[in-house]
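**Q** Can you keep this structure in mind? I'll have questions shortly.
Chains as they are written, first to last, in the working numbering: chain A, 1116 to 1162; chain B, 17 to 314; chain C, 19 to 305.
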């Protein structure tokens, strides 16, 4: 399916849960990527 | 419907036989998992193999043909793949060209991309887990350490990936790592294909950190924010990153784009490291030589 | 999703599900009756009241009774998971393993109480929430051997398919996408409340046959519809509604131009009314 049924627009999402994680040292150091999380949730929603 | 004709190997939790699927005459490998071995029931590695291979269907991922129970053993029937990349690299009588290397890395990245777009981390990519089919297709195998991408607040064990192919964030004990760990492993494999010797062969986990940073430079908070917050960061030696010139000398057969790709796959900061899509779209796969067709590979 | 084992092996129409359960019940009822006749013929010294008792009491359960029995124990799986403080996904997977098991086996062959713990134990392993068998048996006041004995039965009945897609991640996905599509028009605190309500309702749907008839995202949208019909329909309309040109005509009648971002019109091969009708059906079944 060439056209995913969603656009991943990270700065449009107000997700306090993910945003808090992004600020934690151990998450930053691990290479935690909020966009990977968003992409997964959106993929599961539109599959 | 399956025969077990020859024992091909024995591991901690499984015995592998070569055989045939009678109804089609297809060569298969049967991984017979001893169920009594694991005091907690079905072994976790076997459970992961079954769980993920049932969902993945891709030319560059090993096919799980069937699964069945027989005399209290779990049997995974897998497609028969007679060789692997480790054999090829070690056998110096086999000459291979830059086009061959490009083909193997391309197939590896396609297989990794398929895992990642299904949000599956392999977590044990290394040459002897990249098997070769008679038609030359390379297939990712051994999902015994695989897992689904973590839920946001989940804690992952950093004790994964065979040492020489282990990403720096894992060496530091990271708990919230991503699919970037697989890309690092592919970068090390790429280097090994070009050098024909292991690229970062650490003697033990501590030495692995030293070998990695001596070769690629020690990361700092400037290029990898919070890297200094890892508990074992202070004990490590500070080495400068290699210059482009130094990389050219190291990989004499590599083109500029090849160096670009291997550098992208081995960016220290996992957040900046290239993902599978970016690797596949790199110039390296668009420039000559074209990747050797699988059936023409050694 | 169509490549997933959940779609390929564990999705049914209502008719398929009914006939699968009925066929299973008929098969086992025959077996039970056979055994009964066998016992009666072997014991020709049975008194009349013993014979009456057998005919009266040893009556196989019907398909409907089986389903009630299985659902009763599925609720126990859920409460057991809660008492063990297992993560949401692990609990959902345990229920899924348990209910699928009894699409393949009858409660007249294996008592659900034996499968209850094996399903939870296997779900913990499968969802990377590993608890050693000793610790698990201790927590659940049971015997390790009993649990391990049935683990392979569960695995085999599942046809070794372990990866589950539950509606929780789609809920998170729609939570994000609604903010984008209706951006500026939804109150975040309110969205947070919706999220919590829907998560709870999703947990309830796991105990129903909805999971066999609809995909996880459809179940999620049905739960959203139940919780806030106006918001959900608005979102679907803007997201999948009529293409922009038709929309412009309707706007030229003096309506204020919606400030929806025009790039949200992604070419999608999805028909809004088909989707809405499907979600309505799912909503009705959940309710």
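C-beta atoms are modelled at their ideal positions from N, C-alpha and C, and glycine is treated no differently.
Just so we're clear, the structure is a prediction, and the values are computed from it rather than from any experiment.
Residue 86/B lies in the beta strand (DSSP E); which residues open and close that run?
**A** Its beta strand (DSSP E) spans residues 80-86.
**Q** Beta-carbon of residue 1148/A versus every beta-carbon of chain C: anything under 8 angstroms?
**A** For residue 1148/A, the answer is no, since every Cβ of chain C falls outside 8 angstroms of its Cβ.
**Q** With DSSP run on the structure shown, which of helix, strand or coil describes residue 134/C?
**A** Of the three classes helix, strand and coil, the one that applies to residue 134/C here is helix, per DSSP.
**Q** Say the cut is 7 angstroms; is the CB of residue 1140/A nearer than that to a heavy atom of the ligand MG?
**A** This structure lacks the ligand MG; in fact it carries no ligand of any kind.
**Q** Could you check how far apart the C-beta atoms of residue 65/B and residue 159/B are, in whole angstroms? I think they sit under 8 angstroms.
**A** Sure, about 5 angstroms apart at Cβ, within 8 angstroms.
**Q** Counting only beta-carbon separations shorter than 8 angstroms, does residue 132/C have a partner in chain B?
**A** Cβ-Cβ to chain B under 8 angstroms: no for residue 132/C.
**Q** Quick one, are the C-beta atoms of residue 183/B and residue 197/B less than 8 angstroms apart?
**A** Yes, Cβ-Cβ distance for residue 183/B and residue 197/B is below 8 angstroms.
**Q** Let me check understanding here. Comparing Cα to Cα, which of 74/C, 34/C, 290/C and 39/C lies closest to residue 122/C?
**A** Nearest option by C-alpha distance: 39/C.
**Q** Among 1139/A, 1124/A and 1122/A, which residue has its Cα nearest to the Cα of residue 168/B?
**A** For residue 168/B, the nearest C-alpha among the options comes from 1139/A.
**Q** With which residues is residue 302/C paired in a DSSP beta bridge?
**A** Residue 302/C is not bridged to any residue.
**Q** Classify residue 1120/A as buried or exposed, calling it buried when 16 or more other Cβ atoms lie within 10 Å of its own Cβ.
**A** That one is buried.
**Q** Taking residue 309/B as the reference, which of 152/B, 34/B and 240/B has the closest Cα?
**A** Of 152/B, 34/B and 240/B, the residue nearest in Cα terms is 152/B.
**Q** Grouping DSSP H, G and I as helix and E and B as strand, with all else coil, what is residue 45/B?
**A** Here residue 45/B sits in strand by DSSP.
**Q** Using the beta-carbon of each residue, which ones in chain C are nearer than 9 angstroms to residue 1130/A?
**A** Those within 9 angstroms of residue 1130/A in chain C are 190, 193, 194 and 197.
**Q** In this structure, how does DSSP classify residue 291/B when only helix, strand and coil are distinguished?
**A** Coil, per DSSP.
**Q** By DSSP, does residue 25/C sit in helix, in strand, or in coil?
**A** The answer is helix: DSSP assigns residue 25/C an H, G or I state.
**Q** Looking at the structure shown, is residue 71/C part of a helix, part of a strand, or coil, going by DSSP?
**A** Helix, per DSSP.
**Q** Tell me whether residue 26/B sits in a helix, a strand or coil according to DSSP, three-state version.
**A** Residue 26/B: strand per DSSP, three-state reduction.
**Q** If you measure from the beta carbon of residue 315/B to each beta carbon in chain C, is any gap under 8 angstroms?
**A** Since the displayed chain B opens at 17 and closes at 314, residue 315/B lies outside it and no answer follows.
**Q** Measure the beta-carbon distance from residue 147/B to residue 78/B and round it to whole angstroms, keeping in mind my assumption that it falls under 8 angstroms.
**A** Correct: roughly 6 angstroms between the Cβ atoms.
**Q** Could you work out which residues of chain B lie near residue 179/C, taking near to mean beta carbons separated by less than 7 angstroms?
**A** Within 7 angstroms Cβ-Cβ: 70.
**Q** Nearest to residue 1122/A by CA position, among 27/C, 195/C and 161/C, is which residue?
**A** Comparing Cα positions, the closest option is 195/C.
**Q** Quick check on residue 250/B: does DSSP put it in helix, strand or coil?
**A** Coil.
**Q** Between the C-alpha atoms of residue 170/B and residue 305/B, what's the straight-line distance to the nearest angstrom?
**A** Whole-angstrom Cα-Cα distance: 43 angstroms.
**Q** Grab the span of the alpha helix (DSSP H) containing residue 47/C for me, first residue to last.
**A** Where residue 47/C is concerned, the enclosing alpha helix (DSSP H) stretches over 32-60.
**Q** Answer yes or no: does any C-beta atom of chain A fall closer than 8 angstroms to that of residue 48/B?
**A** Not closer than 8 angstroms to any Cβ of chain A, the Cβ of residue 48/B fails to qualify, so no.
**Q** Could you check whether the stretch 1140-1156 of chain A touches the stretch 44-53 of chain B, counting it as contact only if at least three pairs of C-beta atoms, one from each stretch, sit closer than 8 angstroms?
**A** In short, these stretches do not touch, since the Cβ pair count stays below three.
**Q** Closer than 7 angstroms by beta-carbon distance: list the chain B residues that pair up with residue 1140/A, in chain order.
**A** Ordered by position in chain B, the residues that pass the 7 angstroms Cβ test against residue 1140/A are 242 and 245.
**Q** I want to see whether chain B comes within less than 8 angstroms of residue 1157/A, judged by CB atoms only; does it?
**A** No, residue 1157/A does not count as interfacial toward chain B.
**Q** With residue 194/C as the anchor, note down where its alpha helix (DSSP H) starts and where it stops.
**A** Segment 186-199, the alpha helix (DSSP H) holding residue 194/C.
**Q** Select from 25/B, 240/B and 84/B the residue whose C-alpha is nearest the C-alpha of residue 179/C.
**A** Checking every option, the nearest Cα to that of residue 179/C belongs to 84/B.
**Q** Per DSSP, what kind of secondary structure is residue 280/B in: helix, strand or coil?
**A** DSSP places residue 280/B in helix when its eight states are reduced to three.
**Q** Would you mind telling me which residues of chain B sit closer than 7 angstroms to residue 150/C, beta carbon to beta carbon, in chain order?
**A** Simply 56.
**Q** Within the same chain, show all residues whose beta-carbon is closer than 7 angstroms to that of residue 26/B, passing over the 5 residues directly before and after it, in chain order.
**A** There are no such residues.
**Q** What does the alpha-carbon distance come out to for the pair residue 63/B and residue 97/B?
**A** Whole-angstrom Cα-Cα distance: 21 angstroms.
**Q** Taking only the alpha-carbon atoms, compute the straight-line gap between residue 80/B and residue 145/C and give it to the nearest angstrom.
**A** In a straight line, the C-alpha of residue 80/B is about 20 angstroms away from that of residue 145/C.
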